[in-house]
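Working notes, structure below.
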Amino acid sequence: MKALITGISGQDGSYLCELLLSKGYEVYGLDRRKGIESFPRIDKKVLERLHIVEGDLLDFERLRQIVKEVMPDEIYNLAAQSHVGYSFKAPISTFEMSGKAVLFFLEIIREVNSASADVPKIKFYQASTSELFGGDPGTEPQSETTPFNPHSPYAIAKLSGFHFVKLYREAYKIFACNGILFNHESPRRGADFVTRKVTLALANIKAGRQEFLELGNMDAKRDWGFAGDYVEGMWRILQNDTPDDFVLATGETHTVREFVEEAGKLLGYDVVWEGKAEKEIGKDKKTGKIIVKINPEFYRPGEVNLLLGDPAKAKKVLGWTAKTSFKELVKMMVEADVESIK
Ligand code: NAP
Ligand code: G4F
């Protein structure tokens, strides 16, 4: 089996390529040209087993050439501008990467699939997101049947990608699926996402290298799982007999504040909170040291308040469940960051 993964250098790409290699796949990874080889998330031995192909997600002709040359059995489209906050600053490029580029792949697959009856059909996985739901209180737990109400340029872009996948599946019988994934984190998470920002900052504060941590909305609730578990779900989605869309989630939700408390505990801090809104601070109860301050710069023009997924369909149809608990995830990330800053 041959797989093409876009976004190979990202968090999920790094775990997915390991999984597929372990299953005997020949793995091709799309990487945009940077002039230097840079795959900090991928182990050197794993990298040696990958075929890296250079190309940009927005270059239709290059993508077409790559797909025709590689002729993968499966395409996992993970590449995106994946930061929700940044999508308010760069809505146009975000829209192109998560909307237009999805259509590029579907058009290429339509062309390849229809070329001749002997050509093997390509299966397509689209990295869709729980951001589609909008997280309005009262809609939880969110499942495949919950109405969408996107609150950011990122979510609107991903919603267009979601609908293109559904349309091409229904209209052209392409084996195309959306994985509607809730937040999944790991020690390989980008440092500008809230979980990794917290674990890295607290490790630095503990080591005396940073004074305090600045955050935005502490009340947001997320259904946080471990990325390593979620890539297994992506693979299972494409092994299902029929193409379909699936929610992958843990079924548990926590506030950003709870994430800070849990990470703090592991480093010997008993974080207590004082003040409200922009005046809120988090202090270590024993020493009185201020660990967290609010910086409104990290507030978003549109916020998703509450994400809590219902993964029942994935469990029933795919036999998939998130194995790693919230506490195990936080511990894994804190321990990795204590090591990473040494
Ligand atoms: P990530 O770490 O931000 O990785 C994004 C990847 O996309 C990187 O490899 C990046 O390459 C690549 N990329 C961006 N623009 C590109 C372009 N123009 N051409 C080629 N490659 C490009 O994201 P992730 O956390 O692994 O998430 C993977 C996918 O799942 C994303 O589509 C994300 O939106 C979606 N998703 C993530 C979560 C989550 O909680 N992690 C939940 C739901 C959905 P560079 O290294 O060159 O920047
Ligand atoms: O970690 P975040 O930036 O992740 P967010 O916005 O939930 O998006 C992630 O998960 C989505 C799936 O639901 C993916 F589709 C998407 O690609 C990405 O992987 O923020 C989580 C929450 C937000 O409510 C944010 O406002 O944390 C809040 N937050 C509070 N302070 C902060 C901060 N977020 C960031 N990044 N930085 C802060 O300082």
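The working numbering puts the first residue of the sequence shown at 8, with every later residue one more than the last. We treat Cβ as the ideally placed atom computed from N, Cα and C, and that holds for glycine. Since we're looking at a predicted model, the values are computed, not measured.
Of Glu281, Leu255, Asp291, Thr249, the smallest CA-CA separation from Glu269 is found for Asp291.
Per DSSP, the beta bridge partners of Ala134 are Gly186. Checking the 6 angstroms criterion, the Cβ of Thr153 is out of range of every heavy atom belonging to the ligand NAP.
The secondary-structure analysis by DSSP pairs Arg196 with nothing; it has no beta-bridge partner. Under DSSP, Arg229 shares a beta bridge with His261. Met225 is not a Cβ neighbour of Val201, given a cutoff of 7 angstroms.
Between the C-alpha atoms of Met241 and Phe67 there is a straight-line separation of about 24 angstroms. Per DSSP, Val126 lies in no alpha helix (DSSP H) and is assigned neither H nor E. Per the DSSP secondary-structure output, Ala10 pairs in a beta bridge with Val34, Glu81. Rounded to whole angstroms, the separation of the alpha carbons of Glu342 and Glu76 is 42 angstroms. Short note on Phe67: C-beta not closer than 6 angstroms to any heavy atom of the ligand G4F. For Leu174, the enclosing alpha helix (DSSP H) stretches over residues 160-179. Glu287 sits in coil when the DSSP states are folded into three classes, being neither helix nor strand. The beta carbon of Phe233 sits closer than 8 angstroms to the beta carbons of His191, Glu192, Ser193, Ala329, Lys330, Thr331, Glu335, Leu336, Met339 from its chain, once the five residues preceding and following it are set aside; these are given in chain order.
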